[in-house]
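Single-structure report; data block below.
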Amino acid sequence: MLRRFITAIVGVVAALTMSVAPALADTGSAATVPPGAPVAEPINCRPDASHPNPVIVLPGGDGLVADTESQWDTMLSTLRGAGFCAVTFQGGVVDGRRWGGDMPTSARQLGDYVAEVKAATGAAKVDIVAHSAGGFVTNYYAKVLGGGANLRSVVLLAPETRGVDGTGFLEQSGVTGMSVTPVDLLRQVPGLRASLSTAMPKMASMLQVLPGSPAYHAVMDGPLAIEGVRYAVLATRNDRVATPAGASSFILEPGVTNVFYEDEFPAAAPVDHSTLRSSPLTAAWVVSQLVS
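Letter by letter, the sequence shown follows residues -25 to -1, 1 to 267 in mature numbering (1 follows the signal peptide of the UniProt record, and there is no 0).
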């Protein structure tokens, strides 16, 4: 999803610079973003004494709800095989797209599901494993909505955290040497953020995870990690979505584990932003973070 968004920025900027654009307020507000609907897995498992915290898995925006089973089979099979009660949650679903709706609304939908999981299982807290945009929703829930009190561990895979700039997509398209990044353009071109939300409503939710939006600053300004919650972040140097790789994913705060896949598994086959979540080595690493 973010790949299409960054590509679209370049095209829209070109159009704006060759024509007179309306003077739109640069808000990126939730009013332009549909709420979307939650898609939550039925809670048919119960945690045991060895693994008392249910695990809620949040896929990223790199696919449709219909793709979830195939994309996340390795992770879910590993978690369940290790004895965890693991379920999936996808919020803000619009036309089958995960996280296509308003991100704060998706975070509230996550909060409702956390409450359902706790009630169904009797657990005091849950663990969350989230990929990409699912990480932003998790962080919004934990910090802005006060959901940290319900969490024991948060394991994030290639999340869009602080400072995503969009340069990876441009490099893949052969565009190098730009003096500004796509995110710089959002800051510097008056009305661009609102114009993009209006012209491309399917991309509006992605504007909310980028620097400059109210949702972004609600999450990222000040400390991010919640006291009492254990955080671990796994990134890949081959990321061309959350760029700069690592720097835009890691939470550089006390007590947070930040690891590059390539450092943890130097002999492994390459992964990228999307395939990181499908690697058996990633799944084993996630289990190790949850049991440590």
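Ideal Cβ placement from N, Cα and C applies to all residues, glycine included.
When DSSP labels each residue in this structure, what does residue i get in the three-state scheme?
i           : result
residue 263 : helix
residue 168 : helix
residue 183 : coil
residue -2  : Since pLDDT at residue -2 reaches only 35, below the 50 mark, its modelled position is unreliable, and the value read off the structure follows with that caveat. Reduced to three states, the DSSP call for residue -2 is coil.
residue 227 : coil
residue 102 : strand
residue 83  : helix
residue 72  : strand
residue 32  : strand
residue 111 : helix
residue 199 : coil
residue 249 : coil
residue 124 : helix
Can you tell which of the options has the C-alpha that lies nearest to the C-alpha of residue i?
i           : options               : result
residue 189 : 169, 42 and 74        : 169
residue 48  : 263, 267 and 257      : 257
residue 112 : 52, 206, 66 and 44    : 66
residue 93  : 28, 110, 45 and 121   : 28
residue 83  : 69, 118 and 53        : 118
residue 109 : 20, 192, 68 and 197   : 68
residue 98  : 186, 26, 223 and 172  : 26
residue 260 : 220, 221 and 210      : 210
residue 221 : 139, 17 and 146       : 139
residue 192 : 136, 89, 38 and 42    : 136
residue 77  : 172, 266, 212 and 198 : 172
residue 253 : 50, 19 and 17         : 50
residue 181 : 59, 141 and 20        : 141
residue 20  : 43, 12, 46 and 59     : 59
residue 223 : 16, 143 and 42        : 143
By Cβ distance, which residues of its chain are closer than 7 Å to residue i, with the 5 residues on each side in sequence left out?
i           : result
residue 55  : 61
residue 263 : none
residue 240 : 256
residue -5  : Because residue -5 sits at a pLDDT of 36, beneath the cut-off of 50, its placement in the model cannot be relied upon, and the following sentence gives the value as read from the coordinates. Excluding positions up to five away in sequence, the list reads 166 and 170.
residue 116 : 82, 85, 86 and 122
residue 198 : 228
Who are the near neighbours of residue i in its chain, counting only those whose CB is closer than 6 Å to its CB and skipping five residues on each side?
i           : result
residue 225 : 208 and 233
residue 80  : 10
Under 9 Å between the Cβ atoms of residue i and residue j?
i           : j           : result
residue 33  : residue 63  : yes
residue 114 : residue 194 : yes
residue 206 : residue 184 : no
residue 123 : residue 228 : no
residue 40  : residue 14  : yes
residue 120 : residue 31  : no
residue 57  : residue 266 : yes
residue 95  : residue 18  : yes
residue 107 : residue 196 : no
residue 243 : residue 236 : yes
Counting only C-beta atoms, is residue i closer than 9 Å to chain C at any point?
i           : result
residue 163 : Of the protein chains in the structure, only one exists, and it is not chain C.
For residue i, which residues from the same chain have a beta carbon less than 8 Å from its beta carbon, with the 5 sequence-adjacent residues on both sides left out?
i           : result
residue 204 : 117, 123, 126, 127, 128 and 129
Quick check: the stretch 157 to 164 against the stretch 241 to 248, are there 3 or more CB pairs under 8 Å?
-> no
If we count Cβ pairs, one from each stretch, closer than 8 Å, do we get three or more for the stretch 205 to 216 versus the stretch 69 to 78?
-> no
Taking 8 Å as the threshold, find out whether the stretch 96 to 103 comes into contact with the stretch 128 to 137 through three or more Cβ pairs.
-> yes
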